[in-house]
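Heads up, the thing below is written out as structure tokens.
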Amino acid sequence: MGRQMTMGVVVGNRGFFPGHLATSGRLEMIAALEAAGIKAIVLTPEETAHGAVETYEDAKKCAALFKKHASEIDGIIITLPNFGEERGLADALRLANLQVPVLIQATPDHAGKMGIAFRRDSFCGKMSICNNLKQYGIPYSLTTLHTEAPDSTEFKSDLQWFAAVCRIVRGLRNVRFGAIGARPTAFNTVRYSEKLLERSGITVETLDLSEVMGRIEKSKDNDDAVQAKLAAIKKYIPIGDTPEAALMKMAKLGAVIDGWMAASELTVSAVQCWTSIEEYLGIVPCTVMSMMSEQLIPSACEVDILGTLSMYALTLASETPSALLDWNNNYGDNPDKAVCFHCSNLPKHFFREGVKMDYQLIIAGTVGKENAHGTLDGTVKAGDMSFARFSTDDFQGQITGYVGQGRFTDDPLQTFGGAGVVEIPHMQKLLRYICENGFEHHVAANFASVAGPVYEAANNYLGWKMHRHE
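Under this note's numbering, the final residue of the sequence shown carries the number 1078; numbering is consecutive throughout.
Put into structure tokens, the structure is as follows:
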């Protein structure tokens, strides 16, 4: 995230249609991508007629260009300014073999320009290229409308959607997760299959909690990394009455996790809690985890690796922080509302004003207040949100998941930790789906409307069995 996106562009052309449409269509697509801040990799008119792909020779040139830039290209856009030659377009993708998302765009005809000089027939040609890609076994995505001009509002929106799909697919392929500690005994719900994740290119590296404690014990209060983390914690959130000794423990924990993740080249993490860290280190890890999630490197509690995966997919789509919450309580008698809660490690991006550091009331009853400092306490702000949950189905040998959208409301809520009221249309239908299919009680949330690209990336390109709640 943060890097400029790059799209490979394949311009379609069929010889007995007006060639000037291919010339202008190529320039229109490049302009649309540049306006969106996206770099285009595309043949030039010097390399092929109109910079388009029609023949097998053109397809080979296009494939060679894409292979040269394979490490840069996030996705491919096939643009049809006229009917297009479906064989050449499909061959270009097959020969390049980039395994990235593909978007098919067709430019509409003008009702007043249906003569031979300006007739496009891309409406028809789009069906032909889809047919060929289906024959070739190449997955692809479609624009909202069957035909959309590159400079249209509809295509601008679809381009944002497709860019999110590409970020998710790139981000989840060959990603490395860090599992810090063992799954808490009481949480059978967070069991998962590392082998199924590995099949999708997701690796899990583990770090025993004893190693974390040992490295913390060996660290010094004046270590540069510890002092830097301590300053970052104090800057991140009002610390309230949190003792300095607890803050120093958080700083050392954060420095150890940062160092391990950097050395192991890990992207995201999940951390053991309940109640080993509290009993043997004397803090909760919530603030340290919240800071990571705020920096777009999600961290989930209870070693919920699939929860972290769910958070990360939403973060890749929106480029904003995600949180892991419990589907926790009903809200009065409204069937479409519920309380989402954690105790909490939510990124501060999720809170209204007034969030502060506090101690964890639930765990304090077991380990004592003095060992439970470090949670974020506040109310989740109102706004549109997306939710997602992935799981590994060991019996079917596949990764599954669900996504949807709703909103956090301004409804009053008297509780502790990090909590908010969420409203989701037909929520009872969603809850029944979760229970009938044995999904976990944890769900990832994000303040953006990105259920669409998450579903498309996971279902169409990663091959996961997905459900989209409507």
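By construction, the Cβ of each residue, glycine as well, lies at the ideal position given by its N, Cα and C atoms.
When beta bridges are read from the DSSP output, MET856 appears opposite no residue. Here VAL710 carries a strand assignment [DSSP, helix/strand/coil]. Under the DSSP assignment, ASN782 falls outside any alpha helix (DSSP H); it carries neither an H nor an E label. Membership of ILE737 in the alpha helix (DSSP H) is indicated by the continuous run 730-744.
Short of 7 Å from the beta carbon of ASN1068, and not among the five residues preceding or following it, lie these beta carbons of its own chain, in chain order: PRO747, SER749.
The three-state secondary structure of ASP966, taken from DSSP, is strand.
Inclusion of ARG634 and GLY616 in the CB contact set at 7 Å is not warranted, their separation being larger than that value. Around the beta carbon of ALA853, a 10 Å sphere encloses fewer than 16 other beta carbons of the protein chains shown; the residue is thus reported as exposed.
Only residues of its own chain outside the window of five on either side were considered, and among them GLU694 have a CB closer than 7 Å to the CB of SER736, listed in chain order.
Remark: C-beta atoms of ALA1053 and ALA931 approach each other more closely than 7 Å. If you look at LYS1073, you'll find it in the beta strand (DSSP E) that goes 1073-1076. Counting the other Cβ atoms within 10 Å of the Cβ of ARG728 gives 16 or more, which makes it buried. With respect to VAL1051, VAL947 sits apart: the two C-beta atoms are not nearer than 7 Å. Of VAL619, THR631, GLU665, the smallest CA-CA separation from ILE684 is found for VAL619. The beta carbons of VAL834 and LYS860 sit about 5 Å from each other, so the pair counts as a contact at 8 Å. Where ALA996 is concerned, the enclosing beta strand (DSSP E) starts and stops at 991-1001.
ASP666 counts as buried, since no fewer than 16 other beta carbons sit within 10 angstroms of its beta carbon.
The Cβ atoms of GLY1009 and PHE998 lie closer than 7 Å to each other. In summary, ALA871 is exposed, with fewer than 16 beta-carbon neighbours lying within 10 Å of its beta-carbon over all protein chains present. In the DSSP annotation of this structure, the continuous segment of the alpha helix (DSSP H) that includes GLU806 starts and ends at 802-807. Of the candidates ASP1001, GLU1064, THR755, GLY696, the residue whose Cα lies closest to the Cα of ALA925 is GLU1064. Excluding its 5 nearest sequence neighbours in each direction, ARG781 has C-beta neighbours in its own chain below 6 Å: GLY809, listed in chain order. Across the set ARG823, TYR744, VAL963, THR928, the C-alpha of THR928 shows the shortest separation from the C-alpha of MET993.
Counted as a single uninterrupted DSSP element, the stretch harbouring PHE1047 is not any alpha helix (DSSP H), since DSSP gives it neither H nor E. Beta-bridge annotation (DSSP): GLU1031 is paired with LYS945, ARG1015. Under DSSP, VAL617 shares a beta bridge with ILE685.
Beyond the five residues adjoining it in sequence on each side, ILE1032 comes within less than 7 Å, by CB distance, of ASP944, GLY1012, GLY1014, LEU1038 in the same chain, given in chain order.
For GLN880, the number of other beta carbons within 10 angstroms of its own is at least 16, and it is reported as buried. Within the DSSP bridge table, the entry for HIS981 names TYR967 as partners. With respect to the C-alpha of GLU662, the residue from MET637, ASP682, GLY645, PHE691 having the closest C-alpha is PHE691. Contact annotation, LEU984 with GLY1026: C-beta distance approximately 6 Å; criterion of less than 8 Å satisfied. A Cβ-Cβ separation of about 15 Å leaves ILE845 out of contact with LYS989 under the 8 Å criterion. Every unbroken stretch of the beta strand (DSSP E) spanning 3 or more residues and falling wholly within the region 822-904 is given here in chain order: 876-879. The shortest C-alpha to C-alpha distance from GLU887 to any of ALA980, MET613, SER952 is the one to ALA980. Here TYR967 is buried. Its C-beta has 16 or more other C-beta atoms within 10 Å. Its chain contains PRO758, ASP759 as the residues whose beta carbon lies nearer than 7 Å to that of GLU636, once the 5 sequence neighbours on both sides are disregarded; these appear in chain order.
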